[in-house]
Each structure stands twice: as C-alpha cells, then as structure tokens.
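For the sequence shown, position 95 matches number 639 in this note's numbering, and the numbering has no gaps at all.
Note that the Cβ used here is the ideal one computed from N, Cα and C, for glycine as well.
Heads up: the structure comes next, in structure tokens.
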Amino acid sequence: MPDGIIPEGMVDVWCSVVAYKTSASEIERLSATLAQAHVAVVLTIVDNAGTLPDALQLPAGLMVERLSPGRNLGYGRAHNLAIARSRGRCRYHLVLNSDIEFDASVIDALVDFMDSRPTAGLVMPMVRYPDGELQHLCRLLPNPVTLIGRRFFGRTKWAQRLNDRYELHDWSYDEIASFPFLSGCFMFMRRANLDKVEGFDPRFFLYAEDLDLSRRLHMVSETLFYPSVSITHEYRSLKRRSWRQWIYALTSLTQYFGKWGWVLDAERDRINRQTVASIHHKK
Numbered sequence: 545m546p547d548g549i550i551p552e553g554m555v556d557v558w559c560s561v562v563a564y565k566t567s568a569s570e571i572e573r574l575s576a577t578l579a580q581a582h583v584a585v586v587l588t589i590v591d592n593a594g595t596l597p598d599a600l601q602l603p604a605g606l607m608v609e610r611l612s613p614g615r616n617l618g619y620g621r622a623h624n625l626a627i628a629r630s631r632g633r634c635r636y637h638l639v640l641n642s643d644i645e646f647d648a649s650v651i652d653a654l655v656d657f658m659d660s661r662p663t664a665g666l667v668m669p670m671v672r673y674p675d676g677e678l679q680h681l682c683r684l685l686p687n688p689v690t691l692i693g694r695r696f697f698g699r700t701k702w703a704q705r706l707n708d709r710y711e712l713h714d715w716s717y718d719e720i721a722s723f724p725f726l727s728g729c730f731m732f733m734r735r736a737n738l739d740k741v742e743g744f745d746p747r748f749f750l751y752a753e754d755l756d757l758s759r760r761l762h763m764v765s766e767t768l769f770y771p772s773v774s775i776t777h778e779y780r781s782l783k784r785r786s787w788r789q790w791i792y793a794l795t796s797l798t799q800y801f802g803k804w805g806w807v808l809d810a811e812r813d814r815i816n817r818q819t820v821a822s823i824h825h826k827k
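Structure below.
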C-alpha cells in the first residue's frame with residue numbers, strides 16, 4: 545500500500561521502521577524529521593499489528609511506502625521486508641526504532657562520514673536518554689553468564705562488574721571506535737555490506753537479532769561508533785517488561801548462543817580481546 549511514488553533509481557538512504565501498535569503521531573514525527581534531510585531519503589513503514597490509520601499525516605517531501613504483512617513478523621523479519629525493497633536502490637539503509645528523536649542533520653552527517661570511510665559497514669551515533677544521560681550501547685559480544693547476571697542478578701556486585709565490562713563503562717564514549725555489537729535502535733548500514741550478510745537472521749523473532757547482525761557486519765567491515773552527532777532514544781522496551789517479552793528474550797538468546805556457541809566461542813573471545821585492546825590503546 546504505497547503512500548508515494550518510490551523512484552526506480554538510486555537514493556542515498558532508505559529507512560525502515562517497524563510499527564507494532566505504535567501511535568500515528570510517533571510515525572508522523574519521525575517522518576517529518578526524515579523529510580528535512582538534504583540527501584534523498586525513502587521510508588518504509590512495516591505495520592506488524594495493522595493498526596496504523598490509513599490517513600497518516602505524512603510530509604509531501606518524503607517518499608514513503610507502507611507494508612502490512614497481516615501478522616506480527618517480529619522485528620528483524622519485518623525489517624527484512626524493507627531491506628528486500630531497498631536492494632539495488634540505495635547506498636545506505638537505516639534501521640531505526642520509532643521511539644527515536646534527532647535532528648535531520650544527523651542523516652546528512654552520517655552519509656558524509658560513511659562516504660569518507662569506505663571500510664565502514666555500520667555506524668551508530670551517540671545515543672542519549674531524554675534527560676541527556678548517555679546510553680551505553682557500544683558493547684562487546686556477550687557470554688551467557690553476563691546476560692544471565694544482567695537480567696536476573698542486576699543488583700549484585702558481580703553482575704554489575706560483568707555488565708560494566710560488557711557495556712564498556714570504563715571507556716569515554718568520546719571518539720570514533722569499532723565495536724562488535726552496536727544497538728539495533730539506530731543501525732546506519734552501507735548497503736553493499738548489508739547485502740554481503742543478507743540482512744537479519746529470520747530465526748530471531750525479537751531480541752538478539754541486532755546482536756547477530758552487528759556481529760556479522762563486524763566480520764566483513766568496520767562497525768563504528770561516531771560521537772560527533774547524537775540522537776535521543778526513549779528506550780521504551782525497558783519500561784514495558786512483560787512475561788511475553790521475557791519469553792521472546794529467552795528464546796532469542798537461546799537461538800543466538802546455539803548459533804555461535806555457549807561457553808566455547810573462540811571467535812567471540814578473540815573479537816572481545818581485540819576490541820578492549822584497541823580502545824585502551826587510544827587512552
């Protein structure tokens with residue numbers, strides 16, 4: 545169900561957002577921001593719940609299409625619909641959450657940065673909470689003990705120590721650096737590298753799909769934190785913990801460790817050592 549005419553030629557950035565019982569005003573706000581970018585932008589909205597109204601107030605200057613799969617495909621699989629639509633039609637693909645706010649100049653700046661850094665396949669800007677606090681979204685590849693401690697023993701000292709290392713709390717978050725896991729809330733990807741890894745692994749319904757994709761992109765390109773621009777992330781998922789979300793998270797993480805290794809994951813250990821050594825070398 546297209547809202548506008550999507551050109552057959554190449555555009556700079558193709559964005560995709562997955563809506564699941566998301567308010568129309570949130571999609572409209574995001575669309576208005578994207579319309580202000582100076583580069584050519586397309587937005588695909590995948591409505592997993594089928595609840596967005598037909599009469600969205602979308603800016604005339606933005607090329608928009610909406611897809612309604614008829615069922616909840618989950619996060620990664622829904623974005624894969626948009627990724628398939630953008631294949632061969634954009635230089636960069638941006639996967640983002642709807643609970644993100646930013647200035648349109650962020651899009652222009654990231655295009656310029658990626659144009660100047662051909663070895664980069666993924667970039668994430670500085671991410672802050674609405675109150676300005678930093679979100680520690682540059683991470684190492686997790687092991688099961690770290691994630692079990694994080695989810696079930698978060699207030700204990702040992703779990704906090706593991707989590708601080710996992711989220712690199714001893715790093716300054718003030719310079720460009722490469723990390724194997726960058727959050728899925730805002731993934732600005734070079735289309736050529738996204739094609740190499742073939743998008744999100746469709747086995748993951750919700751949670752761990754960004755971890756898996758970031759790891760695979762890290763294996764074929766630089767996956768970079770770029771602090772010169774910033775966005776605001778409400779991080780709504782932290783406020784809406786439910787038994788269903790716990791099941792999704794447990795299932796997804798079980799699939800992730802089943803794919804890459806539980807206790808024995810030599811590649812994870814090597815990548816983490818290299819990452820820690822690299823950022824500490826810059827101090």
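(request) With DSSP collapsed to three states, give me the class of Ser560. (result) Counted from its first residue, the sequence shown places residue 560 at position 16. In the three-state reduction of the DSSP assignment, Ser560 falls in the strand class.
(message) From the DSSP secondary-structure annotation, give me the bridge partner or partners of Ser722.
(response) The residue labelled residue 722 in the question sits at position 178 within the sequence shown. In the DSSP output, where bridge partners are listed per residue, Ser722 has Leu768.
(message) Determine whether the beta carbon atoms of Leu654 and Val667 lie at a separation below 7 angstroms.
(response) Along the sequence shown, one-based indexing puts residue 654 at 110. Along the sequence shown, one-based indexing puts residue 667 at 123. Contact flag set, yes.
(request) Check each candidate in His680, His713, Pro603, Gln789 and name the one with the smallest Cα separation from Ala752. (result) As a working mapping, residue 752 is identified with position 208 in the sequence shown. Nearest Cα to Ala752 within the set His680, His713, Pro603, Gln789: Gln789.
(message) Does Asp547 come out as helix, strand or coil in the three-state DSSP assignment?
(response) Reading the sequence shown from its first residue, position 3 is the one you call residue 547. Low confidence applies to Asp547: its pLDDT is 47, below 50, so where it sits in the model is not reliable, and the reading given next is rough at best. Coil, per DSSP.
(message) Taking 7 angstroms as the threshold (C-beta atoms), are Glu645 and Thr776 in contact?
(response) As a working note, residue 776 is residue 232 in the sequence shown. As a working note, residue 645 is residue 101 in the sequence shown. Contact annotation: Thr776 and Glu645 have beta-carbon atoms nearer than 7 angstroms.
(request) Take the Cβ of Trp787 as the centre, count every other Cβ of all protein chains shown within 10 Å, and call the residue buried at 16 or more, exposed below. (result) Taking the sequence shown and counting its residues from 1, one reaches residue 787 at position 243. Flag for Trp787 reads exposed.
(message) In the DSSP output, what is Ala664 paired with across the bridge?
(response) One-based indexing of the sequence shown puts residue 664 at position 120. Ala664 is bridged to Glu766.
(request) Can you have a look at Val689 and say buried or exposed, based on whether 16 or more other CB atoms are within 10 angstroms of its CB? (result) Within the sequence shown, the letter at position 145 stands for residue 689. Exposed.
(request) Answer yes if the segment 703–711 comes into contact with the segment 734–751, meaning at least three C-beta pairs across the two stretches below 8 angstroms, and no otherwise. (result) Under the Cβ criterion (8 angstroms, minimum of three pairs), the segment 734–751 does not count as touching the segment 703–711.
(message) If I measure Cβ to Cβ from Leu606 and keep anything under 7 angstroms in the same chain, skipping five residues before and after, which residues do I get?
(response) Indexing the sequence shown from 1 puts residue 606 at position 62. Excluding its 5 nearest sequence neighbours in each direction, Leu606 has C-beta neighbours in its own chain below 7 angstroms: Ser575, Leu578, Ala579, Val585, Leu587, listed in chain order.
(request) Compute the beta-carbon to beta-carbon distance between Gly620 and Pro746, rounded to the nearest angstrom, for a pair I have assumed lies under 8 angstroms. (result) Counted from its first residue, the sequence shown places residue 620 at position 76. Counted from its first residue, the sequence shown places residue 746 at position 202. The Cβ separation is near 7 angstroms, so the contact holds.
(message) Tell me the DSSP secondary structure of Leu808 in three-state form.
(response) Within the sequence shown, the letter at position 264 stands for residue 808. Looking at Leu808 - three-state DSSP - the assignment turns out to be coil, as it is neither helix nor strand.
(request) Would you check if the segment 555–568 and the segment 625–645 touch, i.e. whether three or more CB-CB distances between them fall below 8 angstroms? (result) Result yes; three or more Cβ-Cβ pairs closer than 8 angstroms.
(request) Determine the direct distance from the alpha carbon of Trp806 to that of Arg812, and round the result to whole angstroms. (result) Mapped onto the sequence shown, residue 812 falls at position 268. Mapped onto the sequence shown, residue 806 falls at position 262. Taking C-alpha positions only, Arg812 is separated from Trp806 by approximately 10 angstroms.
(message) Bridge partners for Leu678 per DSSP, in chain order?
(response) The residue you call residue 678 lines up with position 134 of the sequence shown. Arg672.
(message) Under DSSP, the alpha helix (DSSP H) around Phe732 begins and ends at which residues?
(response) Position 188 of the sequence shown, counting from 1, holds the residue named residue 732. Phe732 -> not in any alpha helix (DSSP H); beta strand (DSSP E) instead, spanning 730–734.
(message) Strictly by DSSP, which residues pair up with Thr776?
(response) Here residue 776 refers to the residue found at position 232 of the sequence shown. According to DSSP, which records beta bridges pairwise, Thr776 is partnered with Glu645, Arg672.
(request) State yes or no: is the C-beta of Phe646 nearer than 6 angstroms to some heavy atom of the ligand ZN? (result) Absent from the structure shown: the ligand ZN. Ligands present: none.
(message) Quick check: the Cα distance between Ser716 and Thr819, rounded to an integer number of angstroms?
(response) Reading the sequence shown from its first residue, position 172 is the one you call residue 716. Reading the sequence shown from its first residue, position 275 is the one you call residue 819. The C-alpha of Ser716 lies about 14 angstroms from the C-alpha of Thr819.
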